[in-house]
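These notes are about the structure you will find just below.
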Ligand SMILES: [Zn+2]
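In structure tokens form, the structure reads like this:
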């Protein structure tokens, strides 16, 4: 995962892989055990001075690293993220560090932090369309109100 630039994995896929690689199958709900596993990964990565691999793990439904990511900040001694977008940006930067450290083929510019595709798409949907530039009255150069009729010229 970390060897492919911009690749991410969902919690669900990760859980599947862990079970395949360990041969331990569990019927326990994902939420009940994946956090514990990732928590160990976070601490181990910190101990080794490695970038945080858990940044690669995102939720299936929205592409966010989610709440559990706060632990990454905690072990690093960083203040908690002030907002969800900030947290997700932090994870995006951590992912880039992972791709770099673990030998992903990077673009010529070295790559840029990127949100997981699903979350990126949501951000773009939510993004307010850029406001059209204010209309200016051709006669007096005052900004026109939404009615399009110039207040100052009409008063003359
Ligand atoms: Zn005018």
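In my numbering, the protein residues as written are 675 to 830. No residue lacks a Cβ here, since even glycine has one placed at the ideal position from N, Cα and C.
Should residue i be counted as a contact of ligand 1 given a C-beta to heavy atom distance under 7 Å?
{"i": "residue 826", "result": "yes"}
{"i": "residue 813", "result": "yes"}
{"i": "residue 738", "result": "no"}
Exposed or buried, what is residue i when buried is set at 16 or more other beta-carbons lying within 10 Å of its beta-carbon?
{"i": "residue 795", "result": "exposed"}
{"i": "residue 710", "result": "exposed"}
{"i": "residue 727", "result": "buried"}
{"i": "residue 779", "result": "exposed"}
{"i": "residue 764", "result": "buried"}
{"i": "residue 762", "result": "buried"}
Roughly how many whole angstroms lie between the Cα atoms of residue i and residue j?
{"i": "residue 700", "j": "residue 693", "result": "8 Å"}
{"i": "residue 814", "j": "residue 825", "result": "10 Å"}
{"i": "residue 717", "j": "residue 752", "result": "14 Å"}
{"i": "residue 745", "j": "residue 783", "result": "30 Å"}
{"i": "residue 759", "j": "residue 827", "result": "45 Å"}
{"i": "residue 798", "j": "residue 681", "result": "19 Å"}
{"i": "residue 757", "j": "residue 789", "result": "15 Å"}
{"i": "residue 770", "j": "residue 676", "result": "9 Å"}
{"i": "residue 793", "j": "residue 736", "result": "6 Å"}
{"i": "residue 816", "j": "residue 822", "result": "11 Å"}
{"i": "residue 723", "j": "residue 810", "result": "57 Å"}
{"i": "residue 734", "j": "residue 768", "result": "19 Å"}
{"i": "residue 739", "j": "residue 754", "result": "14 Å"}
{"i": "residue 696", "j": "residue 766", "result": "28 Å"}
{"i": "residue 690", "j": "residue 748", "result": "27 Å"}
What span of residues does the alpha helix (DSSP H) with residue i cover, start to end?
{"i": "residue 825", "result": "825–828"}
{"i": "residue 689", "result": "685–696"}
{"i": "residue 770", "result": "758–775"}
{"i": "residue 794", "result": "791–800"}
{"i": "residue 719", "result": "704–722"}
{"i": "residue 748", "result": "744–749"}
Which whole-angstrom value is the C-beta distance of residue i and residue j, which I expect to be below 8 Å?
{"i": "residue 773", "j": "residue 731", "result": "That belief does not hold up - the Cβ atoms of residue 773 and residue 731 are roughly 14 Å apart, past 8 Å."}
What I want to know is whether the C-beta of residue i ends up closer than 7 Å to one or more non-hydrogen atoms of ligand 3.
{"i": "residue 692", "result": "Looking at this structure, you won't find ligand 3 anywhere; what it does contain is ligand 1."}
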